[in-house]
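Novice:
In this note's numbering, the protein residues as written are 1 to 209.
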């Protein structure tokens, strides 16, 4: 049985206005990207998008909407598959020569870094990722993907091929106004430490793994 998180497909999400701040070159192991900085107008929270190649010529753009994971992206944690997914997305864009990564500062599926550490503590005691959030009185998924829509609109990206294993994310992005024309899986990063975590995402959150 698939667990339905608090943010479900077809559930409206609040609009969050963002403003573009600056764009610069970002040379990486996977080629040179353009990095675009954005700020939420009300809160000042920052987000970024990486683009490579011409993303405005009308064909669907290979895209990853990636939520920040400090532990996985920067500290190389093996508790999740976030870091390997980000790297695989950048590599896929390099191979195609064209694409976009929307990097949203929504740590821990939107609960924040400290709450994520609290949830990890409960997972160390035997809970799974869903049970830990519920025990803390937190939503299982509090991310707002209207942010991604607004960033993509600024970049004049209308149609995307979404790199994700989560069909609920496809539906949620479509409901937010993003035309997802296809889905590309990102099945990477499986290891002994995250095997149970990935199984929970499959069993309770409907991820296609």
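The C-beta atom is built at its ideal place from N, Cα and C for all residues, glycine as well.
Just so you know, these numbers come straight off a predicted model, no measurement behind them.
(1) Reducing DSSP to helix, strand and coil, say where residue 51 ends up.
(2) Counting along the chain, where does the alpha helix (DSSP H) carrying residue 149 start and finish?
(3) Can you give me the Cβ contacts of residue 151 inside the same chain, cut-off strictly under 7 angstroms, excluding the 5 residues immediately before and after it?
(4) Which residue comes first and which comes last in the alpha helix (DSSP H) that contains residue 85?
(5) Using the Cβ count rule (16 or more neighbours within 10 Å means buried), how would you classify residue 207?
(6) Are the CB atoms of residue 178 and residue 61 within a distance shorter than 8 angstroms?
(7) Counting only runs that start and end within the segment 153-204, where is the beta strand (DSSP E) found for 3 or more residues in a row?
(8) If I follow the unbroken beta strand (DSSP E) through residue 42, where does it start and stop?
(9) Is residue 194 buried or exposed, if buried means 16 or more other CB atoms sit within 10 Å of its CB?
(10) Can you confirm whether the segment 183-202 touches the segment 67-84 when touching is taken to mean that 3 or more C-beta pairs between the two stretches lie within less than 8 angstroms?
(11) Go through its chain and collect everything with a Cβ distance to residue 145's Cβ below 7 angstroms, but skip five positions before and after it.
(12) Enumerate, from N- to C-terminal direction, the unbroken alpha helix (DSSP H) stretches of 4 or more residues contained entirely within the segment 99-150.
(13) List the DSSP bridge partners of residue 60.
(14) According to DSSP, what are the bridge partners of residue 28?
(15) Per the contact definition of three or more C-beta pairs closer than 8 angstroms, is the segment 128-140 in contact with the segment 105-112?
(16) Under 8 angstroms by Cβ, that's how I've got residue 91 and residue 67 pegged, so tell me the actual separation to the nearest angstrom.
Specialist: Judging by the given coordinates:
(1) Sequence index remark: in the chain shown, residue 51 carries index 51 (1-based). When secondary structure is reduced to three states using DSSP, residue 51 falls in the strand class.
(2) Translated into the one-based positions of the chain shown, residue 149 becomes position 149. Note, residue 149: alpha helix (DSSP H), 146-154.
(3) For this step, residue 151 is matched to residue 151 along the chain shown. Contacts found: 18, 38, 47, 49 and 102.
(4) To locate residue 85, count along the chain shown from 1; it is residue 85. Looking at the DSSP string, the run of the alpha helix (DSSP H) that includes residue 85 is 82-96.
(5) Residue mapping note: residue 207 aligns to position 207 of the chain shown, counting from 1. Result: buried.
(6) The sequence position of residue 61 within the chain shown is 61, counting from 1. The sequence position of residue 178 within the chain shown is 178, counting from 1. Not in contact: residue 61 and residue 178 (Cβ atoms no closer than 8 angstroms).
(7) 159-163 and 179-184
(8) On the chain shown, position 42 is the one that residue 42 refers to. Segment: none, residue 42 is in no beta strand (DSSP E) and carries neither H nor E.
(9) For the purposes of this step, residue 194 is taken as residue 194 along the chain shown, with counting starting at 1. It counts as buried.
(10) In this structure the segment 67-84 lies against the segment 183-202, because at least three pairs of beta carbons, one per stretch, are closer than 8 angstroms.
(11) Counting from 1 along the chain shown, the entry for residue 145 is found at position 145. Closer than 7 angstroms at Cβ, skipping near neighbours: 13, 65, 172, 173 and 176.
(12) 107-110, 113-124 and 129-135
(13) Translated into the one-based positions of the chain shown, residue 60 becomes position 60. In DSSP, residue 60 forms no bridge with anything.
(14) Residue 28 sits at position 28 when you count from the first residue of the chain shown. The partner list for residue 28 (beta bridge, DSSP) reads 31.
(15) yes
(16) Here residue 91 corresponds to residue number 91 of the chain shown, with the count starting at 1. Here residue 67 corresponds to residue number 67 of the chain shown, with the count starting at 1. Wrong, their Cβ atoms sit about 19 angstroms apart, outside the cutoff.
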